[in-house]
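**Q**
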Amino acid sequence: MQTGIKFGTDGFRGIIGKDFNFDNVKKITLATAEYLKSGTVIIGYDSRLDADKYAKFSSDLLAAYGFDVLLSEHIVPTPVIAFAARNTKNSSGALMFTASHNPPDYLGIKFIPSYGGPATSDITKEIERIIENKIFTLEEKEGIVLKKDFSKMYFEQIDSLIDFEAIKNNPPKIIYDGLFSASIGYFDKILKEKNISFESYNNHFDPNFGGFLPEPKPEFLKHTKQGYITVANDGDADRYGVIDEQGNYVSPNIILAILLKYLKEKGMEGAVVKTVGVSGLVDAVAKKLNVEIIETPVGFKWIGEAMRLNKTIIGGEDSGGLSTGNHISEKDGIYANLLIIEAIAKTNKPLYQLKEEIIDFAGVEFVQDRVDIKLDDDTQKEKIISEIKMEENFANQKIIQKNEIDGVKLYLEDNLTKILIRKSGTEPLLRFYVETDKNSKLTSIKEFIKGYMFIVK
Numbered sequence: 002m003q004t005g006i007k008f009g010t011d012g013f014r015g016i017i018g019k020d021f022n023f024d025n026v027k028k029i030t031l032a033t034a035e036y037l038k039s040g041t042v043i044i045g046y047d048s049r050l051d052a053d054k055y056a057k058f059s060s061d062l063l064a065a066y067g068f069d070v071l072l073s074e075h076i077v078p079t080p081v082i083a084f085a086a087r088n089t090k091n092s093s094g095a096l097m098f099t100a101s102h103n104p105p106d107y108l109g110i111k112f113i114p115s116y117g118g119p120a121t122s123d124i125t126k127e128i129e130r131i132i133e134n135k136i137f138t139l140e141e142k143e144g145i146v147l148k149k150d151f152s153k154m155y156f157e158q159i160d161s162l163i164d165f166e167a168i169k170n171n172p173p174k175i176i177y178d179g180l181f182s183a184s185i186g187y188f189d190k191i192l193k194e195k196n197i198s199f200e201s202y203n204n205h206f207d208p209n210f211g212g213f214l215p216e217p218k219p220e221f222l223k224h225t226k227q228g229y230i231t232v233a234n235d236g237d238a239d240r241y242g243v244i245d246e247q248g249n250y251v252s253p254n255i256i257l258a259i260l261l262k263y264l265k266e267k268g269m270e271g272a273v274v275k276t277v278g279v280s281g282l283v284d285a286v287a288k289k290l291n292v293e294i295i296e297t298p299v300g301f302k303w304i305g306e307a308m309r310l311n312k313t314i315i316g317g318e319d320s321g322g323l324s325t326g327n328h329i330s331e332k333d334g335i336y337a338n339l340l341i342i343e344a345i346a347k348t349n350k351p352l353y354q355l356k357e358e359i360i361d362f363a364g365v366e367f368v369q370d371r372v373d374i375k376l377d378d379d380t381q382k383e384k385i386i387s388e389i390k391m392e393e394n395f396a397n398q399k400i401i402q403k404n405e406i407d408g409v410k411l412y413l414e415d416n417l418t419k420i421l422i423r424k425s426g427t428e429p430l431l432r433f434y435v436e437t438d439k440n441s442k443l444t445s446i447k448e449f450i451k452g453y454m455f456i457v458k
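Start counting the sequence shown at 2; every next residue gets the next number (my numbering).
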């Protein structure tokens, strides 16, 4: 019998009271317990509706099977829980109750193993197998549930990574948009304790996230001001977003390139780890810096795994996930925003200037867009991807290279155009991610894709 419990790129998610219910939380909790067998489990939750109740329910279940549980005293960001999972004595991992940037009616569970990063596919598949086959051998024992504040150990880590003296000596003007997220009580508290001034908005918890998506994208970042940078995080604070001093959103692709150069010039050594969807701008900067490029499938679990296996300067994705080799192998939006602020302070350059300079340094500027094609089922998606893999030309250009680590990525003969074609993991869509050097070329390629799909469908 199929339970319908499947882990996506970052945990299990569902609508509260429907797919996400106490019965499914029980199955996932017990299957995780069966996988772990013993140890201390850390549990956290964000500001979503009933997240604290599900976290308490899961904690009590684990304690009934002999696990010692450290349950967060309050709403907590995912990266804080990930850091605690890696740095708590006898930790066997953590469960984080969040649906990240999904709509407010969703909730989810992320399992974070003791290495402090997203669970890899082999781990989540094993947990799914335990659920499907009802393999529960644990005996009831007496564990304990203790409430704990994980902020102190996380703040100490951030203090070791960020040059707060440099920020205090040359502070940029900062707006912090809390976006009702789990970063509240963390990002703002760090700045207050360091006597760094800032303006704040939406700095209280709301399970409805003000009626918007809890995502730090330009359409949701309304509080900006000339001369100020605006920083924000998503619902569980593992992603970041930033508006520059001229009121322009700076994409994660550009931020990743800026921080790669900044950290390399600070003396960090290693590779840049990025997903297949990240802009060629990062490749161009890495090549100029003589930095190795490691490319992964889409999803931070793949980045995290590569970061653990390779000496790394920075790892990132185009959706706003970022971490560094001297931190955790989980994306951390709070740390990312602080690192951006540090780069502005230490270079004594506004973010818009750092953006201009990184484009000049790379020697190329890219434009991007996405075309979503709605299809009936996965069979259609697979068929079309297979057909594209056989093509020798696309969008009136010769294909000079294909990358098949996630869907298929086409590199065209102008050496500037790349098209990533991959299935959506949550919707009946085939996504075409297009990057090229001119808006006119971008428009032409998008029209070609729509016409091509009309024919192949």
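For every residue, glycine included, the Cβ atom is placed at its ideal position computed from N, Cα and C.
1) Of the residues I43, I294 and H75, which one's Cα is nearest the Cα of D69?
2) Going by DSSP, which residues form a beta bridge with A233?
3) On the three-state DSSP scale, how would you describe Q354?
4) Could you give the DSSP three-state label for R423: helix, strand or coil?
5) In chain order, what residues of the same chain lie with their CB nearer than 8 Å to the CB of I191, ignoring the 5 residues before and after it?
6) Hey, how far is the Cα of I256 from the Cα of H102?
7) Going by DSSP in three states, G9 sits in which element: helix, strand or coil?
8) What number of angstroms, rounded off, separates the C-alpha of Q3 from the C-alpha of S48?
9) Taking Cβ positions, are F301 and K275 nearer each other than 8 Å?
10) Please state whether DSSP places F362 in a helix, a strand or coil.
11) DSSP three-state call for K148: helix, strand or coil?
12) When the distance is taken between beta carbons, is Y107 closer than 8 Å to G15?
13) DSSP on A65, reduced to helix/strand/coil?
14) Mind checking who K403 pairs with in its DSSP beta bridge?
15) Considering only residues of the same chain and omitting the five flanking positions on each side of F395, which have a CB-CB separation below 6 Å?
16) If distances are taken between C-alpha atoms only, which option among N416, D11, G271 and E246 comes closest to G326?
17) Is it right to say S401 is buried, meaning 16 or more other beta carbons lie within 10 angstroms of its own, or is it exposed?
18) Would you list the residues sitting across from Y107 in a DSSP beta bridge?
19) Going straight from the alpha carbon of F433 to that of P219, what length do you get?
20) Would you mind sorting H328 into buried or exposed? The rule is 16 or more other CB atoms within 10 Å of its CB.
21) Are the Cβ atoms of I113 and I82 separated by less than 8 Å?
22) Using 8 Å as the Cβ pair cut-off and three pairs as the minimum, do the stretch 64-79 and the stretch 237-246 touch?
23) Buried or exposed: where does E436 fall if 16 or more other Cβ atoms within 10 Å of its Cβ makes it buried?
24) If we count the other Cβ atoms within 10 Å of its Cβ and call it buried at 16 or more, is L310 buried or exposed?
25) Can you tell me which of I314, I360 and I175 puts its alpha carbon nearest to the alpha carbon of N291?
26) Is the Cβ-Cβ distance between F459 and P215 less than 8 Å?
27) When you compare each of V283, A287, G268 and E296 to V277 by their alpha carbons, which one comes out closest?
28) Could you please give the first and the last residue of the uninterrupted alpha helix (DSSP H) stretch that includes L430?
29) Roughly how many angstroms separate the alpha carbons of A363 and M269, rounded to a whole number?
30) Where are the beta strand (DSSP E) runs, 3 residues long or more, that stay fully inside the stretch 258-286, in chain order?
31) Locate the alpha helix (DSSP H) running through I315, then write down its first and last residues.
32) Once DSSP output is grouped into helix, strand and coil, what is the label at Q158?
33) Take E389 and list the residues in its own chain whose beta-carbon comes closer than 8 Å to its own, dropping the five residues that flank it on each side.
**A** Put simply:
1) Looking at the Cα atoms, I43 is the closest of the given residues.
2) D178 and G242
3) helix
4) strand
5) The beta carbon of I191 is closer than 8 Å to those of F156, I159, I335 and L339 in its chain, skipping five residues each way along the sequence.
6) If I take the Cα positions, the gap works out to 20 Å.
7) strand
8) Reliability of the predicted coordinates at Q3 is poor, the pLDDT of 44 falling under 50, and the value obtained from them is presented with this limitation in mind. Going from the Cα of Q3 to the Cα of S48 covers about 31 Å.
9) In this structure, F301 sits away from K275, with a CB-CB distance that is not shorter than 8 Å.
10) helix
11) strand
12) yes
13) helix
14) L411
15) L411
16) G271
17) In the sequence as displayed, the identity of residue 401 is Ile instead of Ser. With fewer than 16 Cβ atoms within 10 Å of its Cβ, I401 is classed as exposed.
18) I16
19) 22 Å
20) Its Cβ being crowded by 16 or more others within 10 Å, H328 is buried.
21) yes
22) yes
23) buried
24) exposed
25) I314
26) The structure shown has nothing for residue 459, since the chain only spans 2 to 458.
27) When each option's Cα is compared against that of V277, the closest is E296.
28) It is not in any alpha helix (DSSP H) - L430 instead sits in the beta strand (DSSP E) that spans L430 to T437.
29) 19 Å
30) 272-276
31) Not the alpha helix (DSSP H): I315 falls in the beta strand (DSSP E), residues T313 to G317.
32) helix
33) This sequence places Ile at residue 389; Glu is not what is there. Apart from sequence neighbours up to five positions away, the residues of its chain that approach I389 with a beta-carbon distance below 8 Å are F395, V409, L411 and I422, ordered along the chain.
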